[in-house]
Each structure stands twice: as C-alpha cells, then as structure tokens.
Amino acid sequence: MNPVLQAALATWEWRPSVLAVALLAAGVYAAGWVALRRQGRIRLAAWWRLAVYLLGLALLLAALLSFIDVYGALLLFMHMVQHVLLLMLVPVLLLWANPFPVLLYGLPVAARRAVVRFLHPEARFRRETRRLTHPGALYALYIGAIVLWHDTGLYNLAQGNGLIHDLEHITFFVAGMLFWWPVMGAAPRIHHPTSLAGRMAVLLLCVPPHVVIGALLSFVENPVYEHYLTVPRLWGMDVMQDQRLAGIIMWIPTGMMYIAGVVILLARHLNQAARRIGSGLDRNEIEAT
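1423 is the number of the first residue of the sequence shown in our numbering; add one for each residue after it.
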C-alpha cells in the first residue's frame, strides 16, 4: 500500500461521542425511512434521499475523525478543506435530503407528538424561531462564524486547545445548517419566509468575505498563523505554499459553490414555472375540447 494512503487510513480517530451522534442520526433516519416506505410515502422516503443523507453523515465523520482533521493541525490548506465540508458540503447534502419528515417518523410516538406540539402554528417556539431566523440574522451568524474563527489569535488558540477546537467545529456546522436551511427550502418550514431573490442575494453576499480572506492568505508575504511555524512540514510544502493554497481554496472553489447555488435556485424556479405554465396550457386545451 502507498505509504501516504496507509498513513491517512491509520490517522482515523474513532471518537465515541462523534460516532454516537452520527449513529443515532443514521438509526433514527433509517427507522423513519422504513416506516414511510411501508406507508407508501415513496416521495418522502426515496432511495436518493437516503443516499444523499448518508453521504452527508459520512462526510461529516470524515471531516471530524479522518486524516482531514489530523492533517489540518499540520497544514492550513487541509484545515480549509475541513471548513468547506462543515460549512457547506455537509449541510447542503443533509438538507437536500429534506430529512426532517423522515427523522420525525423514526422517533417513538410520544417523542413525535412532542415535536409536533413544538411546531404547532400557535406554539411560542415556532413564533420565536420565525422571528430569529430572518435571512439577515442567519447571514450574519454564518459569515460572523467564518470571520471570527479565522482571526489569528483565536485560530492559534483553537489549534492548541482541544475543547476550543471542538467548539470551532460545532460552530461551523450549526451555522452552516442554519444558513442553508431556508436557502434549501428544507422542512420544517418554520423559519422566516425568504423569497427566491432573497435566497439568491444571501448566497451572492457570501462571496466577498471569502474573497477577502482568501486574497489575504494568498498575497501576504508573511505567515498569518504562527501555529504552522511550530509544526512539522509535510509533503515538501513550506508554510507560505501551504498558506497560498489555503487562500485559493477559500477564494475560488467556495465562491464558485455559492454562484453554483444561485444558478441551481434559478434553474429550479424556471423549471417549476415551466411546469405550471405547461399544466395550465393542458387544462385550457381540455376545456376547449
């Protein structure tokens, strides 16, 4: 086996707390998926939704337990890959599967009823959630988390403290899930209503902060994070090469992902509009005969 591949496989850290949460999320989803399939509700429990959801969980485990996390302490660009996974790819995949209805049916009946009570239109929880999930607030939380954890002092502190490092990961994942929730239109739709234009706007507004941070890392002449001056270098990559690659990842691929999101939202909207127009024409033709 290739030594690099062998080392990568050997670095997996099987943390019980992370595994327990992932297994619980997978188990509840699987139970709900089977229950809905038995009821004939195939659209909610489609095979592709199961595959996308499990892929999201797998990437979450890879981001937190695999060589990505271990090498992130030694290579800044690998840490950026981890951030992209936690902030973007994992939340998008999980929410694309629209998991809430499936997870709900995976719960015991008593727990399911309790959740439904919380989400009732007259429930205080629902009213407060609607108030707190304004697109501007979720955007500020999302970008704020990115800017905060890329501050030099806090970044170096997180690299030297396991608890703070875990808090960083939790912050990224939670901020990512909250931000992408209304953008993806996933259930439960108890968040503040956001128009298509609003969803496209918040995605486009995510590009400039990433460009600024990416350009800073790419073009400054000195290392930004002192931590990487104190660790062994890997693969013949010096600190500045590592930092420039991290900046490029922060700048170009992430920016392209947000723009791709805008294109997908617009394409989906046009497709739905075309279907509505088509169905209307069909009805008119039937009425005319």
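Yeah, the Cβ is synthetic: ideal placement off N, Cα and C, and Gly gets one too.
Length of the line joining the Cα atoms of residue i and residue j
i       : j       : result
Arg1548 : Ala1473 : 30 Å
Val1492 : Gln1504 : 10 Å
Ala1447 : Pro1630 : 34 Å
Ala1519 : Glu1590 : 25 Å
Trp1470 : Leu1477 : 10 Å
Ala1484 : Ile1490 : 7 Å
Met1502 : Arg1460 : 42 Å
Extent of the continuous alpha helix (DSSP H) run through residue i
i       : result
Asp1588 : 1584–1606
Ile1490 : 1489–1494
Ile1635 : 1629–1641
Pro1557 : 1557–1571
Pro1654 : No alpha helix (DSSP H) holds Pro1654; DSSP gives it neither H nor E.
Thr1551 : 1546–1554
Leu1515 : 1512–1518
Leu1525 : 1522–1527
Buried/exposed call for residue i, threshold 16 Cβ in 10 Å
i       : result
Thr1574 : exposed
Thr1555 : buried
Phe1641 : exposed
Sub-7 Å separation of residue i and residue j beta-carbons
i       : j       : result
Leu1481 : Leu1511 : yes
Thr1593 : Pro1604 : no
Leu1496 : Glu1435 : no
Asn1578 : Tyr1647 : yes
Leu1441 : Pro1523 : no
Gly1528 : Ala1453 : yes
Tyr1561 : Val1514 : no
His1613 : Met1672 : no
Leu1498 : Tyr1650 : yes
DSSP-derived helix/strand/coil call for residue i
i       : result
Glu1435 : coil
Ala1710 : Note on Ala1710: pLDDT 47, under 50, position unreliable in the model; the coordinate value appears next. Correct three-state label for Ala1710: helix.
Leu1699 : As written in the sequence, residue 1699 is Ile, which differs from the Leu given in the question. Note: Ile1699 maps to helix in three-state DSSP.
Gln1504 : helix
His1542 : coil
Tyr1647 : coil
Ile1464 : coil
Pro1675 : helix
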